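Using my numbering, you'd call the opening residue of the sequence shown number 188 and step up by one each time.
All C-beta atoms, glycine included, are put in the ideal place defined by N, C-alpha and C.
None of the values given here were measured: they were computed from a predicted structure.
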Amino acid sequence: MRITTRQYRDGSVEDSDFPLADLSERLKDDTVTIWVDLDDVDSVILDEIAEELHLHPLAVEDVLSFKERAKMVRYPTHLFLTLYAVRAPETDTSHMERREISAFVTHNAVVTVRRGGAFDIDRARTSWEAQSSLLDEGVVSILWAIIDLTVDSHFDAIQTLDERLSELEEELFDDTSADDSIRHNAYRLHKHVLTLHRLALPTREIVTAILNRSQPPLPAVIIPYFQDVYDHTLRVTDWSDTLRDLVSTVIDTNLSIQSNNMNLVMKKLSGWAAIIAVPTLITGYFGMNVPFPTAGEPIGALISAALVSVTSVFLYIMFKRNNWL
Numbered sequence: 188m189r190i191t192t193r194q195y196r197d198g199s200v201e202d203s204d205f206p207l208a209d210l211s212e213r214l215k216d217d218t219v220t221i222w223v224d225l226d227d228v229d230s231v232i233l234d235e236i237a238e239e240l241h242l243h244p245l246a247v248e249d250v251l252s253f254k255e256r257a258k259m260v261r262y263p264t265h266l267f268l269t270l271y272a273v274r275a276p277e278t279d280t281s282h283m284e285r286r287e288i289s290a291f292v293t294h295n296a297v298v299t300v301r302r303g304g305a306f307d308i309d310r311a312r313t314s315w316e317a318q319s320s321l322l323d324e325g326v327v328s329i330l331w332a333i334i335d336l337t338v339d340s341h342f343d344a345i346q347t348l349d350e351r352l353s354e355l356e357e358e359l360f361d362d363t364s365a366d367d368s369i370r371h372n373a374y375r376l377h378k379h380v381l382t383l384h385r386l387a388l389p390t391r392e393i394v395t396a397i398l399n400r401s402q403p404p405l406p407a408v409i410i411p412y413f414q415d416v417y418d419h420t421l422r423v424t425d426w427s428d429t430l431r432d433l434v435s436t437v438i439d440t441n442l443s444i445q446s447n448n449m450n451l452v453m454k455k456l457s458g459w460a461a462i463i464a465v466p467t468l469i470t471g472y473f474g475m476n477v478p479f480p481t482a483g484e485p486i487g488a489l490i491s492a493a494l495v496s497v498t499s500v501f502l503y504i505m506f507k508r509n510n511w512l
């Protein structure tokens, strides 16, 4: 497991890769900001950090247990939150990839723990360090960088799912597409959209809580950044709601098309059955020892053949005009 430590002062990196044992001593200086990142979950190291930063046992327990919902909890000595970045499935049969990150936030330190190291913390750190106006704002700006990266992943995923929906709508009226394939892809897409919605909705609640109930209040310079993140979370949740409805519409439409196709098949079968039934009726009637006019004469065979042919052609024309065949 890789542990990354950095100490910032006056908007620049002052020190890095220092041991965890130095945390409590370094944090006595309120003018510094410290960021500790663990690229996986380790109970021994977490206990060491918890002792140094006086982290709440319930928060540490939350990191060690697997969760499926973003959350934020305020404890007397720190803020704790869990977020999930996502990656849209690359194929129709793959799954939505979730990347969990938990963070402990004190007044001048942030400890991030990434389950399996999948969350791209280097991208969040680069984004934060590139905002020179935010570096002096300390831990709250680091918190913004982590949430911003999470919400960006949600936005990218919902765009990908929307493109998948457009492709599915085109396949819906393509005669060469298999009905089973459309139905399976639609159900998988619906599941992906629902998963994303369940992750994005609590993330929006977290951003709302940070904007409206932060103590102390957010610095004025950082508020527009969190408002921008909130706008993105709102768009993702609204977009996911719309996609869920559209996917349900695609499923219903596919079932309606299948039902209509079945009705067309039944109409054709009924039409051909009627065409076959009339000659059968004629020949069967006179086959029950019922005297047929001109029976035994050559013209009799011609008359019976003509009668069968005329009625069959008449029925075919009538069914064709009414789109039964």
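Quick one, are the C-beta atoms of residue i and residue j less than 7 Å apart?
i: N382; j: M283; result: Residue identity differs from the one stated: residue 382 is Thr in this sequence, not Asn. It is a contact, given that the beta carbons lie within the stated cut-off.
i: Y262; j: H243; result: yes
i: I393; j: M259; result: yes
i: T390; j: T436; result: no
i: V326; j: V223; result: no
i: L190; j: L214; result: According to the sequence provided, residue 190 is Ile. The question's Leu does not apply to it. Not a contact, by the Cβ cut-off of 7 Å.
i: T424; j: L388; result: yes
i: L433; j: L352; result: yes
i: A344; j: A275; result: yes
i: V292; j: H265; result: yes
i: R422; j: V380; result: no
i: V300; j: V250; result: yes
i: L398; j: G198; result: no
Residue i: which of the options sits nearest, CA to CA?
i: S515; options: D339, P389, V300 and V292; result: The requested residue 515 is not part of the displayed model; the chain covers only 188 to 512.
i: A311; options: Q414, V273, G458 and L330; result: L330
i: L502; options: I463, V292, I490 and I486; result: I463
i: D428; options: L376, E201 and A460; result: L376
i: E248; options: V219, E239, D234 and M449; result: D234
i: I438; options: D204, I345 and L359; result: L359
i: A272; options: L322, S211, T337 and A332; result: T337
i: L268; options: A396, D425 and D418; result: A396
i: M142; options: R508, R302 and V423; result: Nothing can be reported for residue 142: it is not among the residues displayed for the chain, which extend from 188 to 512.
i: R196; options: E316, A493, K507 and A460; result: E316
i: I221; options: P206, E350, V500 and M505; result: P206
i: V497; options: P466, L388 and I486; result: P466
i: R285; options: F306, V380, E356 and R193; result: F306
i: A461; options: Q194, P406 and S499; result: S499
i: N441; options: G198, D415, R370 and H384; result: R370
i: T218; options: E324, L405 and I232; result: E324
i: I444; options: D367, R400, F253 and I308; result: D367
i: H341; options: Y417, A296, N295 and L405; result: Y417
i: I236; options: S491, A296, E354 and S203; result: A296
i: E287; options: E354, K254 and K507; result: K254
i: S281; options: K455, P406 and Y374; result: Y374
i: W459; options: D415, W426, K507 and P406; result: K507
Just list the residues that DSSP pairs residue i with in beta bridges.
i: W222; result: R193 and V297
i: K258; result: T269
i: D249; result: Answer is none; D249 lacks a bridge partner.
i: V200; result: Y195
Within 10 angstroms of its Cβ, does residue i collect 16 or more other Cβ (buried), or is it exposed?
i: L451; result: exposed
i: S289; result: buried
i: S457; result: exposed
i: S328; result: buried
i: E277; result: exposed
i: D335; result: buried
i: L489; result: exposed
i: E239; result: buried
i: Q194; result: buried
i: I504; result: exposed
i: N372; result: buried
i: L210; result: buried
i: I486; result: exposed
i: L245; result: exposed
i: A208; result: exposed
i: A332; result: buried
Looking at the C-beta of residue i, does it have a partner C-beta in chain B at a distance below 7 Å?
i: R274; result: Absence of chain B from the displayed structure is noted, only one protein chain being present.
I want to check one thing, is the minimum distance from the CB of residue i to the heavy atoms of the ligand ZN below 6 Å?
i: D361; result: What this structure holds is no ligand at all, so the ligand ZN is not there to describe.
Runs of 3 residues minimum, wholly inside the segment 272 to 299: which ones carry the beta strand (DSSP E) assignment? 284 to 292
Length at least 4, wholly inside the segment 368 to 410: the alpha helix (DSSP H) runs in chain order: none
Would you mind listing the beta strand (DSSP E) stretches within the segment 414 to 448 that are 3+ residues and don't spill past its ends, in chain order? none
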